[in-house]
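Chemist:
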C-alpha cells in the first residue's frame, strides 16, 4: 500500500494538514439538510453520513486502536457498521443496505468525528519522532483516503438528488460561462520509445502506481482538449446509440437493457436537453465538457469519430511535464467548465474537470506486490474487469492528483465525473 | 367507499376529532430522530415522513382542493410525491423508491401538515350545515385513513429499526408482565344457522364491510384466547418448519427460499430466543401472544394442532356482542400482552393485541359495488390473493375498530401485528 | 383425496378404461417430433416427456410399489426425476429445471410406460376382488390424474410452439367455422335460496369437491354464452388495457410490467390480429370464444361491461341440470369454437371450449379434510391465492368433467384454455 | 478479421479441408441421442443443434449468399434463428432462449448442413482462381469458426449432461492413467528485453493476434507444467476458498454468492471427490491437470502459492519455439491427462489439455483495427472485461492452435477446459 519514502513535512505540518482535510469533509456537508445524509440511491452510492463515519473509522482502526492504548471507541459496533471492505478487519454491514440505517444519527457521527480528531491530536502531539515516522505513512494514506471519499460524497449526493423530482440544489450558482469559444479539435504529437512509467519521487503515492518500470510506446497523437457536450450531442443526433457496430458487445447490451440514449443526468423535456448538476437542472451547455459517460459510451464516441481513446501509458506520458492545474474541488464549481485561455493550447484540461477514460484495463504493473496487512486490500483486489481513468475532476482535491494517479471503475459506471479525450496513432488516424 | 348514513356528531365535534386524530400522528413521532423519518426498509414499508405527508395529501386532495377555492398547495409536486395509489388522481412516484427522497425535509412536511390543518379549520369553521353534510363522509374517511396510517407508522418503524444492528429503541419500557398465568386453551361453542353478516348501523364503516347480507354458518367452536409465544415455540421445537405436510404449497416455498424458521423479529442468540419490539430486543415472553406470523405460519400451526383457523364469518359472529376493549394503541404498549383476568374467560383478546388471521380470502360481499370516484380505489381493487384479518392490534386506535372491520394482507406478509386464534368444527375437532 | 363410495364398474371394465386412458396420452403425442418432447418454455410448463413419465410414476408409486411385491422399477432415479410435488414420497428434481434433462430419452420413457402398463395388467388380472376394492380408488385417481396431464400436455406444447418464430403446427386443420352467427348476449335468471353445493353421488370426485354442504345463494343472472373474441376486441379497442379503474391492483401491475395488451397468443401484424392455435397462427375469429385470459383480464372485462364474473356457487347451481356436453378433447379441435344451435339457447357452452373464471377464491369447503397419506397433497395444499374455474375446455376429456369440478389457477395464469361468462345481480345489473 | 496473406494450399486442398472440418462436427455428434441436441443449460451454453446450424449459416451468409446467385436457403427464418451476434446481418433470436426451440428438428438441421455443403462444393468446383482468391479468406475463417464451435459443442454438452442426476456418458472409456509420476514443480527462466509480439507468417490468424508489434518484457520464470488436481486439492484443504485475502474482490463475491468451494464438475460424495467428465462421473485423479477453474480461482491459487499467473506476453514468448503438440481433440480423450515423458521437461503441456489463464485483460494490440463488414464483429467487440487464455485444450483441434492464438473469457467463466500454470518474477519469487 504505502511506499517507503521521504515524507518531507514536519510533525506539526502533518497535524495541520490532518485538520484541514478533516474539516473540508465537513465543509462539503454545509449545504446539506440532515435528511440528505441518509440516502443510498443505488448500491454503488453511500449515504453522506456513512462517508463521514467510514473515513473516521479508518483513522480509528489503522492508527488509534493500534497506537493509542487509552483509546476507546464511542461504540464498538461502529467497527461493523463502518468498515467498507477490509475483510482482514472483520465482517462488514452489507454495502447495499447502508441506506437502511437511521442510527447513529448525523449528530452522533459528527460527535464520532470530533472524538477521533481529539484523540488523534492527543496521539500526534505526544508522539516521539521515531514513533511518528512509523505511523506517518498510515496518516498520509488516511488523508488521501478521506479526499477520495470527499469526491464520492459529491458524486453520491448528486445521484441522490437526481432521484428526486423536486431536483434539489446543492449549491445555487450560475455556472461559469466562458465568453471565449471552444477551440477546434486539434492533435498534438508525442514520440514513442522506451520510457519510464509509474510513480517516482519522494511524496505519497498509491501502491498501484508502482513499481515504476520501462514500457515501449509507439508514437501517438492526443486531442488538445476534452470532448464537449455539443460534440457528444452530434453523436447522439447522428444515431450513435442506435448503431451496434460502434459499440463493444457489453456496451450494446447495457444501453439496450438500460434504455440509455444519452449521458447520465441529461434530461430531455419538450425537445430541449437539460443537464442535472449540483446546482440543479440547467440547460445543457454545448461548450462544457461532456461528463457522466460510461466507458462504453466514451469508446463508442471514439469509434464514431474514427479514432480511439488513449491508453493510460500515453496519457501519463503526455501529462508528465504539466502542472496539475485546473478545475478542482477547491474552485467550488462542482461541475466541469469550458476550456479557457489560461492553459497551453496544445494540451488543455488534462487535470481537473472530468476523469478521462483510458482504453487500459486496470491491471497490476510488473512486479506489483500487495501489502501484507489490511491496507493491502486498498487497491490490489480490484484489479479485474475495471478500466483506468486519469487526471482528476472538478470534485478532486488539487493536492490529491498527479500524472501517475490511477483511478478505476467498471466500464458501465457513469455516476462519477467521467469524460473523454481522443487519441490516435501517428500516420493513419485511428 | 362511503356508506350514506347518519353521522351523529356536531360540526364542532368533528373539528375536535379532526384535531385529535391529526395530532396523534405527530405524537407517535415524538420519539423519532429526524433520521428515522426517512428509511424504507422494504417496498411494503413507507418512511414515516411519507405517512405524515400522504395523510395530509388525502385531506388536501379530497376536501380542500375541491371545496376551498382559495386553497393553494405549498408545492404542486406533492400531488405526485404523496399520492399512494389513486390512479384517478394522477401518476404516483414509484412506491419502492419512497426511501430515495431526502426532500421535502421533515420540517417541511410538518409545515405542510400545519398548512393543511389551518386551511381545514378555515373551511370547517365557515361552512354551512348543508355543505358540511356533503363533505362529512370524506372527512370521516380521511380520519379513518389517518388512523390506518398511524398503525402503519408503528409497524413500519419497527421494521426499519430491525434492520439496524444497533437495535434502536422506540420507547423504553419494561413490558407488562402479568402475574396471572395464561389459562389453558379451551373452546367455546357457537351455533350456526342463517345469520346476518356485514356492517349495520349509523356510524362509519368501510365499503368492504357492506352490503350486509345473509350467510349460512355451520356450528363451530372458537378458542378462548390467542396463541402464545410459548405454544408457538413448541411448534418450532417439534419441527413444525420442517414438515411439508403441515404447509400450504406457497408457504412451504417461501419458508424455504426465505429461510424462515420462526416468526419475524424472533432472534436466536446463544440458544436463547429474543424478540425485537418497539422497546428493543427483549427476552421472548412465553405468555405473550405470538405475533408477526404470515398466514402460512398461522395455518401450519393450526394444522399441527389438528384444528384450523376461523373464517371471517365465524369470527365476526363470535365477536358480535362483545365490547371492543383490549390492548390498543392508546395503551401505549405497542406490543401484545398476556391475557389477563378482566375479560370474559370464554372469549378473550378478541380485540386489540394482534390482528387475527382468518381462513377467508378477501373477496367482495354479494352485491358489493365500487364507488365511482377516486375513493373507489380505496379497498375494492385489492380483492385478490389476500386474506382477511380481524380484531385490530396493539397499534390500532380503539375507536377505529369494530367486529365487522376487514383488514387484509397477502398471506406472506408478516410485518404487521398478526397472530392467531384457533377454531374447529363441532363434533370432530378439525 | 378419495371419497369412499361405490365404483360401479367391474374389474375388467377398469382394466379396459386404464388402457384407454393410458393409450390416449400416447395418441396425443402422435403429431410430435422427438425434439418437441423436451422443451420447458416457462417454469409452469413441463416437457411432454415429463408428463408421460410422471403419470406413469404415479401408478408405479401409489399402486405397483405398495401392491406388487415383484415389481422392479427400470431406474430407481425416476422416483426423484418424476415426482412432481409429493413431499411425503421424497425429494423432487427442481421443477424449473425439467427442461434441462435430455435423458431418459423419449424412447426410454415409452419403455417405462410399457413396463408399468404390463405390470399393472399383471397386478390387476391376478387380483382378488377384495384386494381390488382396496386399490380401486387409487386406480381411478390415477386415471383422472392422467387426464389432467393430458390437458396440460396440450396447453404446454402450445406454449412451447409459441416461443418458436417458425410457429410449428400441432395439427393441420381448418378451424370449424360455424355458419350461424353468434346470438346476442342475454341473461338467464336463477332464483337463490338455501341450496346444496358440492359433489354428491356414487362416482369419482376429487376431495376438494367435498363435503357437500348448504349454502345461501342470492338470485342472480348468468350470460347465455361465452364472451367472444370480437367482444373482447371491443374492450381492447375501447382502451380497456389503459384504464386503471377497471383493474384489480395486482392486475394493473402485471399488465404494465409484462406489457400485456391482449390475451396470450394474440399476435398483431400489420394492424391485423392473429391468434396462435395448435393449428398454427390463424386470423383471429371474432365469433370464437376468447381464451387465454388471466383472471385479471376476465375481471376487467366484466367491470368494463358493468357487470361481474359468476361465483363458483352460482355457476355450479346453474349447471346442475345440464348434460356435460360440448367441445371436448375427443372432438380433436383443440380450440374453442363458436356457439352453435345444438344447445339450449338459454345457457350454452357451459361445458367444454374454455374453463370459465369465477370470482371465487379456491378455498376449502366447510368440513374439508386433507387425507393422511401422500395423496393428501393432491389438492388441499394449493388452497391459497388461486381462483376457481369451472366447466372444462376443448382440451378436457368429456368423462373427466362434471358440474362440481373445481379447477384452480393463480389469477395471473393464462396458458390454459381460460375464458369467461358474465353474471349479474338480479335487479341492478352489477 | 482477415489478414491479407498467402494461403498456400490449392483449391482442391481447400475443398478437402472443408469437407474434413465439416464432417468432424458431425462425427463429434455420433454419441448423442436426438434429445441431447436440444438443451441449453445456461445462457452461455448453446444446444448442439444450434452449433450445427450456426456454423452452416456462417458459410451460407458470408460465402453462398453473396457469391452463388442461384443459392436458395431451405428456410429464410434460419437467418434469424442461427445468426449469433452479427448485428450487421440483422436481428437475432435471443441467445438465452436457444433452448426453447424444438424446430427445426435435428434431422432438418442435418439436411441444412448437407444442402449448404453441396452448394459449397458446386461453388468451389466451378470457381475461377481469381474469384477463389477473393473468398479464400472467408472460407478459411469459416473453417476456423467451425473448429471453435466444435470445442464449444463438447464443453456445452458436458455442461448439459452435468445437470442430469443420471450423469449421462458421452464416451465410455477408462481415462489414460500414466504410470509415470508427475515431476515436481520447477521453474524455467526466460530473459526479457524488447521482443516482437503477435502473429507473423503466411498462414491464417485471427485479427486480434495482430498487428505484430514490439513489447518490453522483464525477465521471468515459468512453471514446467500445469497445476494438477492434487495440488489444487491442497489449496482447498488449506482453506483457500475461505481466505478473502487470496481473492480478487469480484472473485470473493462470486464464490460466496455462488457457494463455490471447488472447481466446476467436482462432486463430493461421502467425503470422496469425484470429477464429472465426458466419460461420466469418475474418481478425481490427483495427477491430472486441474480444469474448469475461473480466473478468480486460478489467481487465488497463484496468490496462495506466493507467485502469480503469467501474462499473455510471457506465455507467448515462452511458447515461441515449441511445436504445438499435445492432448488435442483428435486424441479423443476429451479430458486433460497427466504429464508424460514425451515432452521437453523444462516446459511441458503448453499446448492442449487445458486453456491457461493469463493475467492479461483481453485488449486490442496497438494499431489494431476492426474490419468494416460484418466479420468485423468477430473478435473486436468483446474487448472489455475479459481475460486472455493461451494454448488450446483437449477439445481444440491441433491445426487450429498456435502460440499467438488469443482465447478470451470473462473471469467468472468456468465451463471451458480452463486451467493454469504459474509464473514468477526473476529474483524475488512473486
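Protein chains in written order, with the working numbering: chain F, 13 to 442; chain C, 13 to 442; chain X, 13 to 442; chain S, 13 to 442.
The C-beta atom is built at its ideal place from N, Cα and C for all residues, glycine as well.
Here the structure is a predicted model, which is why all the values come from computation and not from measurement.
Quick one: grab the DSSP three-state call for residue 335 of chain C.
Modeler: Position 323 of the second chain, counted from the first residue, corresponds to residue 335 of chain C. Here residue 335 of chain C sits in coil by DSSP.
Chemist: I want to verify the contact list: residues of chain S whose CB lies under 7 Å from the CB of residue 351 of chain X, in sequence order.
Modeler: On the third chain, position 339 is the one that residue 351 of chain X refers to. Residues of chain S passing the Cβ test: none, with the nearest at roughly 34 Å.
Chemist: Here's a check: name, in chain order, each residue in its chain whose Cβ is nearer than 7 Å to the Cβ of residue 49 of chain C, leaving out the five neighbours to either side.
Modeler: Translated into positions along the second chain, residue 49 of chain C becomes position 37. The residues are 59, 60, 61, 118.
Chemist: Out of S:387, S:326, S:343, state which residue places its alpha-carbon closest to the alpha-carbon of residue 185 of chain S.
Modeler: Counting from 1 along the fourth chain, the entry for residue 185 of chain S is found at position 173. Considering only alpha carbons, the answer is S:343.
Chemist: Taking a contact to mean a Cβ-Cβ separation below 8 Å, would you say residue 128 of chain F touches residue 46 of chain F in this structure?
Modeler: Counted from its first residue, the first chain places residue 128 of chain F at position 116. Counted from its first residue, the first chain places residue 46 of chain F at position 34. No, the Cβ-Cβ distance between residue 128 of chain F and residue 46 of chain F is not below 8 Å.
Chemist: Taking the DSSP output, what are the residues bridged to residue 430 of chain S?
Modeler: On the fourth chain, position 418 is the one that residue 430 of chain S refers to. DSSP output for residue 430 of chain S lists S:367 as bridge partner(s).
Chemist: What are the partner residues of residue 220 of chain X, as DSSP defines its beta bridges?
Modeler: The sequence position of residue 220 of chain X within the third chain is 208, counting from 1. Note: residue 220 of chain X sits in no beta bridge, so no partner.
Chemist: Would you kindly report the start and end of the unbroken alpha helix (DSSP H) that includes residue 67 of chain S?
Modeler: Taking the first residue of the fourth chain as 1, we reach residue 67 of chain S at position 55. Start and end: 60 to 71.
Chemist: Along chain X, which residues have their Cβ under 9 Å away from the Cβ of residue 434 of chain C?
Modeler: Numbered from 1 along the second chain, position 422 holds the residue referred to as residue 434 of chain C. The contacting residues do not exist; residue 434 of chain C stays about 15 Å from chain X at best.
Chemist: Tell me which residues share the same chain as residue 79 of chain F and place their Cβ nearer than 7 Å to its Cβ, disregarding the 5 neighbours each side in the sequence.
Modeler: Counting from one through the first chain, the residue named residue 79 of chain F turns up at place 67. Only 135, 147 meet the Cβ criterion.
Chemist: Are the C-beta atoms of residue 257 of chain X and some chain C residue less than 8 Å apart?
Modeler: Taking the third chain and counting its residues from 1, one reaches residue 257 of chain X at position 245. Yes, residue 257 of chain X lies at the interface with chain C (some Cβ there is under 8 Å from its Cβ).
Chemist: What residue range does the beta strand (DSSP E) around residue 151 of chain S cover?
Modeler: Counted from its first residue, the fourth chain places residue 151 of chain S at position 139. Counting along the chain, residue 151 of chain S falls outside any beta strand (DSSP E), though it belongs to the alpha helix (DSSP H) covering 141 to 174.
Chemist: Let me see if you follow: with CB-CB separation under 8 Å, is residue 311 of chain F close to chain C or not?
Modeler: Locating residue 311 of chain F in the first chain gives position 299, counting from the first residue. Chain C contact via Cβ: absent.
Chemist: For residue 389 of chain C and residue 262 of chain X, what's the separation of their Cα atoms in angstroms?
Modeler: Within the second chain, the letter at position 377 stands for residue 389 of chain C. Within the third chain, the letter at position 250 stands for residue 262 of chain X. Roughly 13 Å separates the two Cα atoms.
Chemist: How long is the line joining the alpha carbons of residue 358 of chain S and residue 154 of chain S, rounded to whole angstroms?
Modeler: What you label residue 358 of chain S is simply residue 346 of the fourth chain in a count that begins at 1. What you label residue 154 of chain S is simply residue 142 of the fourth chain in a count that begins at 1. Using only the alpha carbons, I get a separation of about 36 Å.
Chemist: Hey, quick one: how far does the beta strand (DSSP E) through residue 389 of chain F stretch, first residue to last?
Modeler: The residue given as residue 389 of chain F occupies position 377 in the first chain. Note, residue 389 of chain F: premise wrong, no beta strand (DSSP E); not H, not E.
Chemist: If you measure from the CB of residue 344 of chain S, is any heavy atom of the ligand MN nearer than 7 Å?
Modeler: With respect to small molecules bound, the structure shown includes none, and the ligand MN cannot be examined in it.
Chemist: Taking the alpha-carbon positions, what's the residue 326 of chain C to residue 405 of chain C distance?
Modeler: Mapped onto the second chain, residue 326 of chain C falls at position 314. Mapped onto the second chain, residue 405 of chain C falls at position 393. Roughly 19 Å between the two C-alpha positions.
Chemist: Among the candidates S:292, S:308, S:426, S:433, whose CA atom is the shortest distance from the CA of residue 164 of chain S?
Modeler: The residue labelled residue 164 of chain S in the question sits at position 152 within the fourth chain. The shortest C-alpha separation from residue 164 of chain S is found at S:426.
Chemist: Give me the Cα-Cα distance between residue 233 of chain X and residue 422 of chain X, rounded to the nearest whole angstrom.
Modeler: In the third chain, the residue the question calls residue 233 of chain X occupies position 221. In the third chain, the residue the question calls residue 422 of chain X occupies position 410. If I take the Cα positions, the gap works out to 26 Å.
Chemist: Please check if any C-beta of chain C sits within less than 8 Å of the C-beta of residue 446 of chain X.
Modeler: Past the boundaries of the shown model lies residue 446 of chain X; chain X is included only from 13 to 442, so the question cannot be answered.
Chemist: Could you check how far apart the C-beta atoms of residue 302 of chain F and residue 239 of chain F are, in whole angstroms? I think they sit under 8 Å.
Modeler: Counted from its first residue, the first chain places residue 302 of chain F at position 290. Counted from its first residue, the first chain places residue 239 of chain F at position 227. Between residue 239 of chain F and residue 302 of chain F the Cβ distance is about 5 Å, and since that is below 8 Å, they are a contact.
Chemist: May I ask which residues mark the beginning and end of the beta strand (DSSP E) holding residue 286 of chain F?
Modeler: Here residue 286 of chain F refers to the residue found at position 274 when the first chain is read from its first residue. Per DSSP, residue 286 of chain F belongs to the beta strand (DSSP E) from 284 to 289.
Chemist: Can you pull the DSSP bridge partners for residue 201 of chain X?
Modeler: Position 189 of the third chain, counted from the start, is the residue given in the question as residue 201 of chain X. The partner list for residue 201 of chain X (beta bridge, DSSP) reads X:233.
Chemist: May I ask you to list the residues that DSSP assigns as paired with residue 419 of chain C?
Modeler: Residue mapping note: residue 419 of chain C aligns to position 407 of the second chain, counting from 1. Beta-bridge analysis with DSSP links residue 419 of chain C to C:401.
Chemist: Is residue 437 of chain X close to chain C? Criterion is C-beta to C-beta, closer than 8 Å.
Modeler: Indexing the third chain from 1 puts residue 437 of chain X at position 425. Yes, its Cβ sits closer than 8 Å to a Cβ of chain C.
Chemist: To the nearest angstrom, how far is it from the Cα of residue 354 of chain S to the Cα of residue 330 of chain S?
Modeler: By one-based count along the fourth chain, residue 354 of chain S stands at place 342. By one-based count along the fourth chain, residue 330 of chain S stands at place 318. Approximately 18 Å between the Cα atoms of the pair.
Chemist: So which residues of chain S does residue 109 of chain X contact, with C-beta pairs closer than 8 Å?
Modeler: Walking along the third chain from the start, residue 109 of chain X turns up at place 97. Going along chain S in sequence order, the residues near residue 109 of chain X (Cβ under 8 Å) are 175.
Chemist: Output needed in chain order: residues of the segment 110 to 142 of chain X with a Cβ under 8 Å from some Cβ in chain S.
Modeler: 111, 112, 113, 114, 115, 116, 117, 118
Chemist: Of all the alpha helix (DSSP H) runs that stay within the bounds of the segment 274 to 329 of chain C, which reach a length of 4 or more residues?
Modeler: Counting only runs of 4 or more, we get 307 to 316.
Chemist: Taking DSSP as the reference, what is the three-state secondary structure of residue 108 of chain X?
Modeler: Here the question's residue 108 of chain X lines up with position 96 in the third chain. If DSSP states are grouped into helix, strand and coil, residue 108 of chain X belongs with the helices.
Chemist: Whose C-beta lies closer than 7 Å to the C-beta of residue 63 of chain C among residues of the same chain, with five residues either side of it excluded?
Modeler: Translated into positions along the second chain, residue 63 of chain C becomes position 51. Contacts found: 161, 164, 165.
Chemist: Which residues bound the alpha helix (DSSP H) around residue 125 of chain S?
Modeler: The sequence position of residue 125 of chain S within the fourth chain is 113, counting from 1. Unbroken alpha helix (DSSP H) run through residue 125 of chain S: 118 to 138.
Chemist: Thinking C-beta only, is residue 305 of chain S closer than 8 Å to residue 432 of chain S?
Modeler: Numbered from its first residue, the fourth chain carries residue 432 of chain S at position 420. Numbered from its first residue, the fourth chain carries residue 305 of chain S at position 293. Yes, they are a contact pair.
Chemist: Would the segment 363 to 379 of chain S count as touching the segment 334 to 342 of chain S if we require 3 or more Cβ pairs under 8 Å?
Modeler: yes
Chemist: Return the first residue and the last residue of the alpha helix (DSSP H) that residue 455 of chain C is part of.
Modeler: Coverage of chain C is limited to positions 13 through 442, which leaves residue 455 of chain C absent and any answer about it impossible.
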